[in-house]
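One line per chain: the protein sequences are A and B, in this order. Count along the first sequence from 1, then add 1; that gives the number in our numbering. Count along the second sequence from 1, then add 1; that gives the number in our numbering. The beta carbon of each residue, even a glycine, is placed where N, CA and C say it ideally should be. Predicted model only: the values in this text are computed from it and were never measured. Okay, so here's the structure we're looking at.
Protein chains: 2
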Amino acid sequence: MIESTLFSGVLPPVLTPFDADLAPDAARFVGHCRWLLEQGATGLAPFGTTGEGNSLSVDERLRLLEAAVSGGIDAALMIPGTGCTALSDSVRLTRGAVETGCGGVLMLPPFYYKGVSDDALFRSFAEVIEQIGDARLKIYLYHIPPQAQIGFSLALIERLLKAYPDTVVGLKDSSGDWSNTKAIIDAFPGFATFSGSEIFLLDNLRSGGVGCITASGNVNVAAIRALCEHWQDDSADERQASITKTREAIQAYPMIPALKTIISKHREDAAWTRTRPPLLDLPEETAQALLADLRSQNFAIAG
Amino acid sequence: MIESTLFSGVLPPVLTPFDADLAPDAARFVGHCRWLLEQGATGLAPFGTTGEGNSLSVDERLRLLEAAVSGGIDAALMIPGTGCTALSDSVRLTRGAVETGCGGVLMLPPFYYKGVSDDALFRSFAEVIEQIGDARLKIYLYHIPPQAQIGFSLALIERLLKAYPDTVVGLKDSSGDWSNTKAIIDAFPGFATFSGSEIFLLDNLRSGGVGCITASGNVNVAAIRALCEHWQDDSADERQASITKTREAIQAYPMIPALKTIISKHREDAAWTRTRPPLLDLPEETAQALLADLRSQNFAIAG
Numbered sequence: 002m003i004e005s006t007l008f009s010g011v012l013p014p015v016l017t018p019f020d021a022d023l024a025p026d027a028a029r030f031v032g033h034c035r036w037l038l039e040q041g042a043t044g045l046a047p048f049g050t051t052g053e054g055n056s057l058s059v060d061e062r063l064r065l066l067e068a069a070v071s072g073g074i075d076a077a078l079m080i081p082g083t084g085c086t087a088l089s090d091s092v093r094l095t096r097g098a099v100e101t102g103c104g105g106v107l108m109l110p111p112f113y114y115k116g117v118s119d120d121a122l123f124r125s126f127a128e129v130i131e132q133i134g135d136a137r138l139k140i141y142l143y144h145i146p147p148q149a150q151i152g153f154s155l156a157l158i159e160r161l162l163k164a165y166p167d168t169v170v171g172l173k174d175s176s177g178d179w180s181n182t183k184a185i186i187d188a189f190p191g192f193a194t195f196s197g198s199e200i201f202l203l204d205n206l207r208s209g210g211v212g213c214i215t216a217s218g219n220v221n222v223a224a225i226r227a228l229c230e231h232w233q234d235d236s237a238d239e240r241q242a243s244i245t246k247t248r249e250a251i252q253a254y255p256m257i258p259a260l261k262t263i264i265s266k267h268r269e270d271a272a273w274t275r276t277r278p279p280l281l282d283l284p285e286e287t288a289q290a291l292l293a294d295l296r297s298q299n300f301a302i303a304g
Numbered sequence: 002m003i004e005s006t007l008f009s010g011v012l013p014p015v016l017t018p019f020d021a022d023l024a025p026d027a028a029r030f031v032g033h034c035r036w037l038l039e040q041g042a043t044g045l046a047p048f049g050t051t052g053e054g055n056s057l058s059v060d061e062r063l064r065l066l067e068a069a070v071s072g073g074i075d076a077a078l079m080i081p082g083t084g085c086t087a088l089s090d091s092v093r094l095t096r097g098a099v100e101t102g103c104g105g106v107l108m109l110p111p112f113y114y115k116g117v118s119d120d121a122l123f124r125s126f127a128e129v130i131e132q133i134g135d136a137r138l139k140i141y142l143y144h145i146p147p148q149a150q151i152g153f154s155l156a157l158i159e160r161l162l163k164a165y166p167d168t169v170v171g172l173k174d175s176s177g178d179w180s181n182t183k184a185i186i187d188a189f190p191g192f193a194t195f196s197g198s199e200i201f202l203l204d205n206l207r208s209g210g211v212g213c214i215t216a217s218g219n220v221n222v223a224a225i226r227a228l229c230e231h232w233q234d235d236s237a238d239e240r241q242a243s244i245t246k247t248r249e250a251i252q253a254y255p256m257i258p259a260l261k262t263i264i265s266k267h268r269e270d271a272a273w274t275r276t277r278p279p280l281l282d283l284p285e286e287t288a289q290a291l292l293a294d295l296r297s298q299n300f301a302i303a304g
């Protein structure tokens with residue numbers, strides 16, 4: 002059905018650092034992108050849920066993409082989040098990503114209205130694809146019902162693949178429901194299906210999926226990449242158990258501020274802890290508890 | 002607690018017409034604003050849920066506001082929707098509305114993340130208010146859990162009122178739960194509490210609320226306004242029964258395309274039926290059924 006898979010492996014949804022005025026901090030952002038690639042990320046997924054993408058304007062996202070490219074990041078390795086509630090925003094941001102040379106986009110459905118039918122979501126994606134009208138556009142559907150509340154049924158994926166086989170090329174499943182990911186992998190051979198957490202990585206790869214786009218990839222990408230490389234080895238289950246343990250330790254806390262706290266500690270850089278509302282920075286006591294939990298399992302960021 | 006209420010009565014959340022390219026149609030928008038005021042609207046609430054506000058970019062909303070003012074609409078009568086998921090968008094749009102002279106803004110909470118705490122929502126509103134730093138800013142909180150999923154608890158309203166008594170002046174309750182509206186009215190005397198549907202209008206006014214901001218105000222504003230004027234008369238219950246009946250006939254259909262269909266029919270203007278994705282235009286057969294339902298109850302748009 003689809004000839005090539007552009008992305009596979011582990012793509013961290015890059016955290017977005019903010020300055021003291023809560024404006025995006027391009028220098029720290031680019032530095033983090035570079036470090037993630039050095040640590041083994043096979044690609045980067047900025048402006049996802051973890052990257053506080055929907056807390057950034059279209060212009061802020063485009064400026065960060067430009068800064069990354071100016072800073073030496075290969076645009077082809079990036080799959081930015083570009084699905085907004087406003088059709089016009091989704092079109093402008095997606096077009097900007099394509100023109101920047103991004104290897105793909107990770108697209109949320111327009112998530113304001115609830116109870117939206119497959120027909121309506123099909124219309125939304127068709128309109129974006131046709132307004133852009135660019136063969137370079139490669140869309141990965143972003144299925145995350147816990148936040149978006151609406152998402153992609155098997156019937157809708159099938160319809161999009163039939164209508165736009167060269168454009169709709171993959172999906173990130175952040176439903177947290179492995180049976181849903183498995184059903185997508187089984188139904189659409191060749192479609193690039195990512196798990197939304199490394200907890201499902203070995204299952205994903207063994208079933209024919211292509212990897213994971215995972216929040217905790219921001220702090221543990223080397224070990225997750227190692228499993229991507231060694232999933233057929235005897236060591237695979239042990240590697241999976243180890244990265245699962247780390248993930249579970251982190252996700253016991255509010256995920257995004259927890260990840261920023263870990264990076265802040267690792268870099269000895271207090272600025273990294275800042276989040277934009279409606280998130281809240283981790284209180285100091287909670288931050289210390291998180292770091293103690295990670296020390297107790299001998300977790301240490303490489304590099 | 003609050004000295005003056007800026008808005009009261011019936012404010013239609015103005016429908017947004019689109020041209021053949023699905024771009025906002027400023028001329029038809031301004032014409033509709035003018036007609037609603039002629040028909041008795043006490044103010045206008047563009048870019049709400051009904052106005053497909055979240056399907057419009059910040060720039061599109063600012064351009065429509067400018068067009069309205071250029072077209073002779075008094076900015077002081079407008080309370081546009083300005084709450085976006087991105088802090089920077091909410092600040093820019095709200096500041097634009099204040100600088101245009103709008104009498105207030107109707108502000109959604111940042112609605113992407115779910116399970117957001119009162120602390121986090123307080124931080125969101127505080128950040129917008131303080132970044133704007135303009136005494137002219139008057140915020141009406143937009144409580145609509147069916148779409149936003151997150152909303153305003155009594156404790157959060159109390160905290161916002163305490164911190165920003167001259168800025169946070171009212172609320173629209175689109176929960177559909179009259180007991181919630183009643184609790185807000187009872188808890189905060191002087192706070193301008195609107196119902197999100199005219200079905201609750203008489204209850205709202207009798208309890209000390211100030212009116213309704215209601216989708217069907219786009220097509221039935223004269224009769225709703227008449228109840229606002231005559232709610233203490235003997236005719237009040239009969240008037241309520243009549244507008245309730247009309248509302249129920251319309252809301253049996255998908256509300257936004259149904260309202261556009263009614264306006265399209267009234268103006269003999271096919272262009273009015275267009276919606277932006279993720280909405281779907283009403284199929285012709287459904288449109289005919291809706292119009293037949295309204296004829297059967299002798300409903301006719303005045304003017």
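Residue i to residue j span [Cα, whole Å]
{"i": "alanine 1 of chain B", "j": "cysteine 85 of chain A", "result": "Chain B is shown only over 2 to 304; residue 1 of chain B falls outside these bounds and no answer can be derived."}
{"i": "leucine 12 of chain B", "j": "isoleucine 257 of chain A", "result": "39 Å"}
{"i": "arginine 124 of chain A", "j": "leucine 161 of chain A", "result": "10 Å"}
{"i": "threonine 101 of chain B", "j": "alanine 193 of chain B", "result": "22 Å"}
{"i": "histidine 144 of chain B", "j": "glutamine 40 of chain B", "result": "27 Å"}
{"i": "glycine 54 of chain A", "j": "phenylalanine 126 of chain A", "result": "19 Å"}
{"i": "arginine 35 of chain B", "j": "isoleucine 74 of chain B", "result": "7 Å"}
{"i": "serine 243 of chain A", "j": "alanine 250 of chain A", "result": "11 Å"}
{"i": "leucine 37 of chain B", "j": "threonine 247 of chain A", "result": "59 Å"}
{"i": "proline 14 of chain B", "j": "glycine 152 of chain B", "result": "19 Å"}
{"i": "glutamate 4 of chain A", "j": "glycine 32 of chain B", "result": "At glutamate 4 of chain A the pLDDT is 40, less than 50, meaning the model places this residue with poor confidence; the figure from the coordinates comes in the next sentence. Answer to the nearest angstrom: the Cα atoms are 51 Å apart."}
{"i": "arginine 268 of chain A", "j": "arginine 29 of chain A", "result": "11 Å"}
{"i": "leucine 66 of chain B", "j": "threonine 50 of chain A", "result": "31 Å"}
{"i": "glycine 72 of chain B", "j": "leucine 16 of chain B", "result": "17 Å"}
{"i": "serine 56 of chain A", "j": "isoleucine 80 of chain A", "result": "18 Å"}
{"i": "alanine 21 of chain B", "j": "threonine 276 of chain B", "result": "10 Å"}
{"i": "isoleucine 264 of chain B", "j": "arginine 296 of chain B", "result": "14 Å"}
{"i": "glutamate 285 of chain A", "j": "alanine 271 of chain A", "result": "11 Å"}
{"i": "alanine 223 of chain B", "j": "alanine 42 of chain B", "result": "7 Å"}
{"i": "proline 279 of chain A", "j": "alanine 68 of chain B", "result": "32 Å"}
{"i": "methionine 2 of chain A", "j": "aspartate 90 of chain A", "result": "Here the model assigns methionine 2 of chain A a pLDDT of 36, short of 50, so the residue's position is not dependable and the matter cannot be decided."}
Cβ-based burial, residue i [other Cβ within 10 Å; buried from 16]
{"i": "threonine 215 of chain A", "result": "buried"}
{"i": "glycine 104 of chain A", "result": "buried"}
{"i": "arginine 207 of chain A", "result": "exposed"}
{"i": "lysine 266 of chain A", "result": "buried"}
{"i": "glutamine 241 of chain A", "result": "buried"}
{"i": "serine 196 of chain A", "result": "buried"}
{"i": "glycine 10 of chain A", "result": "buried"}
{"i": "aspartate 26 of chain B", "result": "buried"}
Proximity below 9 Å, CB of residue i to CB of residue j
{"i": "serine 198 of chain B", "j": "serine 175 of chain B", "result": "yes"}
{"i": "glycine 177 of chain A", "j": "proline 147 of chain A", "result": "yes"}
{"i": "alanine 237 of chain B", "j": "aspartate 294 of chain B", "result": "no"}
{"i": "tyrosine 306 of chain B", "j": "lysine 173 of chain B", "result": "Outside the shown range of chain B, which is 2 to 304, sits residue 306 of chain B, and nothing can be said about it."}
{"i": "aspartate 187 of chain A", "j": "glycine 209 of chain A", "result": "yes"}
{"i": "proline 47 of chain A", "j": "arginine 62 of chain A", "result": "yes"}
{"i": "leucine 78 of chain A", "j": "glycine 44 of chain A", "result": "yes"}
{"i": "glycine 191 of chain A", "j": "leucine 202 of chain A", "result": "no"}
{"i": "leucine 88 of chain B", "j": "leucine 23 of chain A", "result": "yes"}
{"i": "asparagine 205 of chain A", "j": "leucine 260 of chain A", "result": "no"}
{"i": "valine 117 of chain B", "j": "leucine 138 of chain B", "result": "no"}
{"i": "isoleucine 158 of chain A", "j": "phenylalanine 112 of chain A", "result": "no"}
{"i": "valine 92 of chain B", "j": "glutamine 132 of chain B", "result": "yes"}
Distance cut-off 8 Å: residue i Cβ against heavy atoms of the ligand MG
{"i": "glutamine 252 of chain A", "result": "Although the ligand MG was asked about, the structure shown includes no ligands whatsoever."}
(message) What are the residues in the region 101-123 of chain B lying within 8 Å of chain A by C-beta distance?
(response) Pro110, Pro111, Phe112, Tyr113, Tyr114, Lys115, Val117, Ser118, Asp120, Ala121, Leu122
(request) Return the residues of the region 266-290 of chain A that lie within a Cβ-Cβ distance of less than 7 Å from chain B, sorted by chain order. (result) Cβ contacts with chain B: Arg277, Pro278, Pro279, Leu280, Leu281.
(request) Could you name the residues of the region 221-254 of chain B whose beta carbon sits closer than 7 Å to any beta carbon of chain A, in the order they occur along the chain? (result) none
(request) Please name the residues in the region 168-199 of chain B whose beta-carbon is closer than 7 Å to at least one beta-carbon of chain A, in chain order. (result) none
(message) To be precise: take each residue of the region 63-78 of chain A, compare its Cβ to all Cβ atoms of chain B, and keep it if any distance is under 7 Å. Which residues remain?
(response) none
(request) Anything in the region 82-98 of chain B with a Cβ closer than 9 Å to a Cβ of chain A? List those residues in chain order, please. (result) Flagged, chain order: Cys85, Thr86, Ala87, Leu88, Ser89, Asp90, Arg93.
(request) Taking a Cβ distance cut-off of 7 Å, strictly less, list which residues of the region 45-57 of chain A are near chain B, in chain order. (result) Asn55, Ser56, Leu57
(request) Could I get the ranges of all uninterrupted alpha helix (DSSP H) runs contained in the region 166-196 of chain B, with 4 residues as the minimum, in chain order? (result) 179-188
(request) Scan the region 141-158 of chain B for residues whose Cβ lies nearer than 9 Å to a Cβ of chain A and list them as they occur along the chain. (result) Pro147, Gln148, Ala149, Gln150, Ile151
(message) Ignoring anything shorter than 4 residues, give me the alpha helix (DSSP H) runs that lie fully in the region 25-77 of chain B, in order along the chain.
(response) 27-39, 59-71
(request) At 3 residues or longer, and completely inside the region 78-166 of chain B: list those beta strand (DSSP E) runs for me, N to C. (result) 106-108, 140-144
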